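For what it's worth, the working numbering labels the leading residue of the sequence shown as 8, then goes sequentially. These notes concern the structure reproduced below.
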Amino acid sequence: MLRTLALLLLVFAVTLPAAGQITFQPAPVENEEPADPIKGHATVVTLDSFAEHVQVIWRPNSAISDTVTLHVSGQTFTWTPTQAGVATMTTSNGTSQNVSVRYDSYPASGIFILIIAGTILFGGAGFAMGKLLGGEMPDEGYQMPMDT
Numbered sequence: 008m009l010r011t012l013a014l015l016l017l018v019f020a021v022t023l024p025a026a027g028q029i030t031f032q033p034a035p036v037e038n039e040e041p042a043d044p045i046k047g048h049a050t051v052v053t054l055d056s057f058a059e060h061v062q063v064i065w066r067p068n069s070a071i072s073d074t075v076t077l078h079v080s081g082q083t084f085t086w087t088p089t090q091a092g093v094a095t096m097t098t099s100n101g102t103s104q105n106v107s108v109r110y111d112s113y114p115a116s117g118i119f120i121l122i123i124a125g126t127i128l129f130g131g132a133g134f135a136m137g138k139l140l141g142g143e144m145p146d147e148g149y150q151m152p153m154d155t
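Following this line, the structure appears as structure tokens:
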């Protein structure tokens, strides 16, 4: 019984990757092999079967998604991503694959927003701690509310 279960598990594990897939092979950048496609750099895309066209949907399942149709010939083509972020690549055969496209460098606006958010967070915490531990007393005419 245990051998049969192990054999079925092995057969399932071997046949699972046989489903239609799209593979991405980014071009090497400065002595390193990137794991994901990079905005503005060529990427070799290999399809599981021949397709007439491929649709790239940027920001899928959002209200502001952007769709680009690529006309391809064959199973392998070169694609240069124009945007960074999450994209879904769907072939005319129905095969789809999600891909994350990285920025080619750190975005300055993201770092600026991070610094501003940290300043607001830690500045507010410091101000609140100063007010809490400060020696200020309420005005003399101030009546503390009674507990109920």
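Ideal Cβ positions, reconstructed from N, Cα and C, are used throughout, including at glycine. No experiment lies behind these values; they were computed from the predicted model shown.
- If you keep only unbroken alpha helix (DSSP H) runs of at least 4 residues inside the stretch 113-145, you get 115-140.
- Taking 9 Å as the cut-off, the beta carbon of phenylalanine 31 is found no closer than this to the beta carbon of threonine 11.
- Only residues of its own chain outside the window of five on either side were considered, and among them Ile64, Trp65 and Arg66 have a CB closer than 8 Å to the CB of serine 72, listed in chain order.
- DSSP places aspartate 73 in the uninterrupted beta strand (DSSP E) bounded by 73-78.
- If you draw a straight line from the Cα of arginine 109 to the Cα of glycine 117, it is about 14 Å long.
- Note on threonine 98: 16 or more other CB atoms within 10 angstroms of its CB, so buried under the neighbour-count rule.
- Residue pairing from DSSP places glycine 92 in a beta bridge opposite Val108.
- By the Cβ-count criterion, alanine 58 is buried, with 16 or more other Cβ atoms from all chains shown falling within 10 Å of its own Cβ.
- Cβ neighbours of threonine 50 within its own chain (closer than 6 Å, five residues either side excluded): Phe31, Pro33, Pro44 and Trp86.
- For histidine 78, same chain residues with a beta-carbon under 6 Å away, outside a window of 5 residues either side, are His60 in chain order.
- If you draw a straight line from the Cα of threonine 102 to the Cα of serine 112, it is about 31 Å long.
- Taking all protein chains in view, the Cβ of alanine 70 is surrounded by fewer than 16 other Cβ atoms within 10 Å, so the residue is classified as exposed.
- Here isoleucine 29 is buried: its Cβ has 16 or more other Cβ atoms, across all protein chains shown, within 10 Å.
- For lysine 46, the closest alpha carbon among the candidates Leu139, Phe119 and Ala91 is that of Ala91.
- Rounded to whole angstroms, the separation of the alpha carbons of threonine 126 and glutamate 147 is 35 Å.
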